[in-house]
Structure formats: structure tokens, C-alpha cells
Amino acid sequence: MDDKYLPAIYTGFALGIAFLGWRIDNAYYLQLLIFIGLNTLLALSLNMLMGYAGQISLGHAAFYGIGAYVTAILTTTYQVPPLLALPAAVGAAMVIAWIVGMPTLRLSGYYLGMGTLGFGMIVHIVLREWSSVTGGASGFVGIPPLELGPVEFTSNKSYFFLVWAVVLAVIILCRRIIDSRVGRALCAIHDGEKAAAAVGVNTRRLKLQVFVLSAGIAALAGFLYAHLVFFISPGSFGFMASIKIVTMVVIGGMASIWGALFGASLLTLLPEWLHAFSEFEMVVYGLILMVVMIFMPRGLTRGLMDIYERYRKTHDRQ
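Written out as C-alpha cells, the structure reads:
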């Protein structure tokens, strides 16, 4: 995408979001759009790691949970204002990602996937069993509404604008990183780590940096989630949550910023459309993922663009 069009795209995106927030008054639809925004943050975070750097993570929901639980504990147990809990929640996830990433990112392929899966399972067990701090399997209740200075986000409409302002900021951040030298180095690692190292790319440092960044974005989503629902439990941050995040990235299209948004939107709305098949939710996800990988291996976003290009070339020949 030509960089000269990006300001217009960002402006159009912001105006579209503002229009939706202004026109929609139904609390259910607003909350659904808020969850699309939160899932977009999660998909963006994993897309930076998996789509651009080529590093598999099957435990990404752990950072989502760390962000949610850190802010819940600080604001509820210790009465810390949410504005101060925000950097603590994001910082804790990034520090843990750095500690875990140092040994884990030495692995590759399936071994890396198993390593991150193990980390996610450990975090889930800690959240479930450390009941004196986390509330255990019963969950953590009494999380206060979000207040940032004098502004209170107590309505769905105000939270909608907050979440989507954060989404736009993260999209711009990710786009700037991708278009920089760091982004080109990440793409080189994705295409061939040994080849990237041979031309002077510090692959170990860059993989760790993008891992820490992705953890911070996921923790930010967890912070927003905790202050939206006022109740969190370990089940929201388990293995299946990680698989859903991976599915969002793959279906939307890896190495595509807007693909993350598309995949998150589809996977958030899908359960609302398939109430009759709620018992077979994961079977439906698996079938969709299988069909997309067979017929559109680059994801729905790039697959639809390829179909359009083929149609345009055929039309031009005629």
C-alpha cells in the first residue's frame, strides 16, 4: 500500500468509527463492537509476532490474562487508580515476556509452539490455583470502572470510543514499525532466519523485541477487558482463547494489519450467528480454518484481493 494514502485511510477509518459510535445507541451492538475492538488488539499483537516475524505462539492469551489480572488486583485489592495500574499491567506482561522469551525464542517451528503452549498452561494454572490472590476458579469480582483522570468510562458509548481510539493508535504504531528498517528485518526473519542473520540482522534481539511488544499490546487489551466486564476468570485466558487468537490472524491474513481487523470481526460475530451450533463451536472454527487454508492460504483479506485482481485482469483482456 502506498504510504501517501495512509493518512486518508486512517482519517476515513476514524470517521467511520465516530459515525458508528454516534449513530448506534443499542447497548448490545455497542458492546459487540467493543469486543471486536479488543479482539482486534489481540489479533494485531499476535500478527506482529506470527505474521511478520514468523514466530509461532500458542499461549498468547496468557499475556491477555496477565494484563487483566494485574490491573484487577491493583485496583481492587490495593485501591490503585486505573491510570497507575495501566503501566503496571502492561509492564508486567512485557517483563514476563522478556524472561520467557530469552530461552523460548531459541526454539523454532513446532518446538517454539510447544514452548509457548507450556507457558500459557502454566499461567492458566497459576490464575486458577492461586485463589488467595486471583480468586481462583470462581473468578475475580469487584473490578472498578475505568477512570482516566477526571474522565469516567461508565457507559458503553464512552468505552466504545476509548477502545477504538486505542485500536487506531495501535494500528498506526504497527504500520510504522512494519514500514521501518525494523519491520523489513522482521520480514526477513520470517522469510528465512538464517539468511537474515547472514546479512547482519540480529535475529535473536529482534525476535525478543517483537515478542515483548506483542505481549504489551495483548496486556493492554486485557486491561481494557477487565474494566469493561468488572469480572474475570481463568477460563477467559486458557488454551482455547489462544487458539481463537491464532485463528483470527490466520483467517484474516497473516502479515496484514487490516487482515487482523477482518479476522477479529469475523470470529467475534460468528458465535452470534451460530447460536444453534454453540455446542460445536470449535468444530465450526476448525472447518472454517481448514477451508480458508485450502482455498485462501494467505487469508481472507489477501484471498479476496487476489480474486479481485484475477477478475480485473480477465475483464481488461476482454
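Going by this note's numbering, the residue at position 280 of the sequence shown is 683; the numbering climbs one at a time, nothing skipped. Ideal placement from N, C-alpha and C gives every residue a C-beta, glycine not left out.
Query, Result
"From V602, C577, I575, R578, residue whose alpha carbon lies closest to that of A588", "V602"
"Helix, strand or coil at F634 [DSSP, three-state]", "strand"
"G706 versus L530 - alpha carbon distance", "39 Å"
"S617 classed as buried or exposed, judged by whether at least 16 other C-beta atoms fall within 10 angstroms", "buried"
"Supposed contact pair V526 and G468 - C-beta distance, whole angstroms, cut 8 Å", "6 Å"
"Start-to-end residues for the alpha helix (DSSP H) that takes in E596", "596-601"
"DSSP state of V544 mapped onto helix, strand, coil", "strand"
"V653 beta carbon less than 9 Å from that of M696", "yes"
"Beta-carbon gap between G542 and S636 smaller than 9 Å", "yes"
"Close Cβ partners of L692 (< 6 Å) along its chain, the five nearest in sequence each way excluded", "T650"
"Neighbour-count burial assignment, G619, 16 or more Cβ in a 10 Å radius", "buried"
"Of the listed residues I528, A456, P506, nearest to G638 (C-alpha basis)", "I528"
"Simplified DSSP state of L508, which is helix, strand or coil", "coil"
"Length of the line joining the Cα atoms of F626 and R607", "29 Å"
"Three-state secondary structure assigned by DSSP to N461", "The question names Asn, but residue 461 in the sequence shown is Leu. Coil at L461, not helix or strand."
"For V573, three-class secondary structure by DSSP", "helix"
"Limits of the unbroken beta strand (DSSP E) element including F556", "554-556"
"The stretch 445-459 in contact with the stretch 471-491 per 3-pair CB rule at 8 Å", "no"
"Neighbourhood of L487 by C-beta, 8 Å cutoff - its chain only, sequence neighbours within 5 removed", "L477"
"Sequence-distant residues of the same chain with beta carbon closer than 7 Å to G518, five excluded per side", "T507, L510"
"Helix, strand or coil at L549 [DSSP, three-state]", "strand"
"Local Cβ density within 10 Å of P485, reported as buried at 16 or more and exposed below that", "buried"
"At least three beta-carbon pairs within less than 8 Å, the stretch 571-586 to the stretch 425-436", "no"
"Own chain partners of E532 with C-beta closer than 8 Å, once the 5 adjacent residues on each side are dropped", "G539"
"V554 versus A591: straight-line alpha-carbon distance, rounded", "43 Å"
"Three-state secondary structure (DSSP) of M699", "coil"
"Inside the stretch 634-665 only - alpha helix (DSSP H) runs reaching at least 4 residues", "642-655"
"Element boundaries [alpha helix (DSSP H), containing Q434]", "430-449"
"Enclosing alpha helix (DSSP H) for W425 [first to last residue]", "409-426"
"Which listed residue (G504, M699, V483, I437) has its alpha carbon closest to that of L423", "I437"
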